[in-house]
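Heads up: the sequence lines are chains A and B, in that order.
Counting along the first sequence from 1, when you hit position 58 you're at 227 in our numbering, and nothing is skipped either side.
Counting along the second sequence from 1, when you hit position 165 you're at 242 in our numbering, and nothing is skipped either side.
Take a look at the structure below.
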Amino acid sequence: MRDPKVTVKIPRPLYERIQEVITDSGFSSATDFIVFVLRDLVGDRALEKADPTAGVQDNFTKDELAEIRRKLENLGYL
Amino acid sequence: MIAAHGGRLINRIATGAQRDELLKIAEKAPRLTLNERELSDLEMIGTGAMSPLTGFMGRADLNGVVKNCRLSTGVVWPSAVTLSNKDGVAKVGETVALHDEGGKLIGLIEVREVYSYDKKDEAEGTLGTSDEAHPGMQYLMSIGDEYVAGDVWVLNMPEYDFANENRLTPRETRVLFKAKGWKTIVAFQTRNPIHRAHEYLTKCALELVDGLLIHPLVGATKADDIPAKVRMDCYETLLERYYPKDRVALAVYPQAMRYAGPREAMLHALLRKNYGCTHFIVGRDHAGVGSYYGTYDAQEIFGNFTAEEIGIQPMMFEHAFWDKVAGAMASNKTAAATKPEDKVFLSGTKVREMLTNGERPPVEFTRPEVADILINAMTSKASV
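Here is the structure:
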C-alpha cells in the first residue's frame, strides 16, 4: 500500500520564516501550517472526488480511522 | 467540509511517545483539581470542540471576550473559558497536572499567565448581568480570585457513567458526515427533553439540509434541569420511533451551561461548526434562565456579526405549539389559530407538576413514550 504522505522540499529560509510565523499561533509544526495553507488555497474538492472521507481522513492514522469507523458502526450510523 | 472556527481544528490530545513523555512530567508536577465546568472545557479544548482555543484564556483574550465578544486575535468568541487557580497552586513557567474531582489525571497546562479579573466586569460582559442570583454569577463567586492561562494537553479522557458510546469528538462527527455524504448538517442543541415543539423545529430544519445532529448538552446544568442521563433515554426512544434513521445522528455535547442567553447561543453555534455542522437551530430564549434575557435576544445577537465571521448558518425559529385549528404543529408565523385556547402549550412548571403526579401531558405536547420515561424518572426521584 502506498504511503498516504509524501515529502516536499521547500527553501530553508522560507521554512525558518514559517517557524517564526507559527510561534504562539496554535499550529504545532511548520508541516501543519503548510498543509493548512495549501488546503485553503487548493481546496479539498479534488481529493474528495477520489475519496469521500479524504478531507478528514488524512489527519488520522489507519488505526485511528478504523477505530472511529468501528465506533460509528456500533452506533448504527455506518 | 466546513472549516473549524478560526480556520483550523485543534487537537490537544496527546498520544504515543508524546503522551508517555507528558505523563512523566505530570507525575512530578503540582496538581490542580478541576471543577465540573473546567473539566468539560478541558475535554472540549483537547478534542478541538473549542477550536481555535488551545488552552485556558489569558487576560488579553478574556478582556477581548468581555468587552468585544472577540478573542485578542479578533476571532468572534462570546464566552469566558477560564481555569481558576485554586489555593494558588499554579505559578508562571511551570507545568501543572490537571485532575478531576475523583483524583484522576486528565491533562496538564503549561502555565503562561496567572492573573485576576474583576468578576463583576466579567459577568456584565459575558452574562449581561452581575446579579448574584444569576447562576453564571454564582459560579464566578464560587471560584477563587485568580485564573491560570496556558496551553493544555489532554492525557486521559474524562470518564462518565452514561452515553459513552455517543461521545463523538469533532473529528469523529466529521468522519460520520463525510461517510454519510451529508454536505449540509443542522445541529440541534438542547438541555431539555425533546417535546413536540422541538421535534417540529428539528424536522422543519431537516427539510432544508442533508442531515440532523441531535446534540444535547450533557455538561453541568442547574440542579432543577432534567438529568442528562434521563434525557438521553428520551432522545433515543424518540429517534427510534419518530425520526428517519438515515438522516439523523445523536451525539452528546460535553459543555457546561453558562446560562448566558444570547452570548451562549452564539457559543453553541460557533462550536457546532467545529463538529462539522453548517447550520444551527436557535429557538426562543436559547440558553436563557429566569427573566434575564428577551425571548428572541439569542437570535438577534447574530445580527451583530457578519456571516463570514460566524461561518455557520443560524436557523431562527419562533415559539412552536400544536395548532388546534389546523390540526398540526405551527408557530405564530404559520398558525391558523389566533386564540390562546387553540394553541396547545404548557409551561415548564405545569409539565413538571403533571409528570411528578404521574400524569402524561397531552400527546400534542409530548410523545407518550417520552412522557413515560420522564414520569418514571420524576416519580422515582420523588419517592426517594
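In this text, a Cβ means the ideal position worked out from N, Cα and C, and glycines have one as well.
With DSSP as the reference, label L216 (chain A) as helix, strand or coil. Below a pLDDT of 50, predicted positions are generally treated as unreliable, and L216 (chain A), at 44, falls in that range; the measurement from the model is reported next regardless. Three-state result, L216 (chain A): helix.
Return the residues of the segment 237 to 259 of chain B that lie within a Cβ-Cβ distance of less than 8 Å from chain A, sorted by chain order. E242, N243, L245, R248, E249, R251, V252, L253, K255, A256, K257, G258
Residue nearest to G83 (chain B) in terms of C-alpha spacing, selected from B:H272, B:V153, B:F133: B:V153
Just how far apart, CA to CA, sit V158 (chain B) and M78 (chain B)? 26 Å
Cβ shell of F357 (chain B) (< 6 Å), same chain only, five flanking positions each side left out: A264, A346, R349, I389, P391
Within the chosen definition, does the segment 356 to 372 of chain B reach the segment 225 to 244 of chain B through at least 3 CB pairs nearer than 8 Å? no
Heavy atom of the ligand ADP within 7 Å of L315 (chain B) beta-carbon: Among the ligands in the structure shown, none appear at all, so the ligand ADP cannot be discussed.
Would you say V142 (chain B) and P155 (chain B) are within 8 Å of each other, going by their C-beta atoms? yes
Can you give me the Cβ contacts of L423 (chain B) inside the same chain, cut-off strictly under 7 Å, excluding the 5 residues immediately before and after it? P438, F442
L183 (chain A) classed as buried or exposed, judged by whether at least 16 other C-beta atoms fall within 10 angstroms: exposed
For A326 (chain B), which residues in chain A fall below 7 Å Cβ to Cβ? Y246
Can you give me the Cβ contacts of T110 (chain B) inside the same chain, cut-off strictly under 7 Å, excluding the 5 residues immediately before and after it? K163, H176, E178
Taking C-beta to C-beta, are G205 (chain B) and S161 (chain B) nearer than 8 Å? no
Whose C-beta lies closer than 6 Å to the C-beta of P107 (chain B) among residues of the same chain, with five residues either side of it excluded? V166, V173
Closest Cα partner of A81 (chain B) within the set B:S128, B:T411, B:T298: B:S128
CB contact check: I237 (chain A) to chain B, cutoff 8 Å: yes
Which residues share a DSSP beta bridge with S149 (chain B)? Paired residues: none, contrary to the question.
Once DSSP output is grouped into helix, strand and coil, what is the label at E185 (chain A)? helix
A337 (chain B) classed as buried or exposed, judged by whether at least 16 other C-beta atoms fall within 10 angstroms: buried
From which residue to which residue does the alpha helix (DSSP H) around S219 (chain B) run? 212 to 219
Take the Cβ of K178 (chain A) as the centre, count every other Cβ of all protein chains shown within 10 Å, and call the residue buried at 16 or more, exposed below. exposed
Within-8 Å CB hit, R361 (chain B) to chain A: no
For K174 (chain A), which residues in chain B fall below 7 Å Cβ to Cβ? The premise fails here: K174 (chain A) is roughly 16 Å from chain B at the closest Cβ pair, so nothing lies under 7 Å.
A326 (chain B) to E284 (chain B), Cα distance in whole Å? 15 Å
Mind checking L86 (chain B): buried by the 16 CB within 10 Å criterion, or exposed? buried
Does the separation of the CB atoms of I183 (chain B) and L130 (chain B) fall below 8 Å? no
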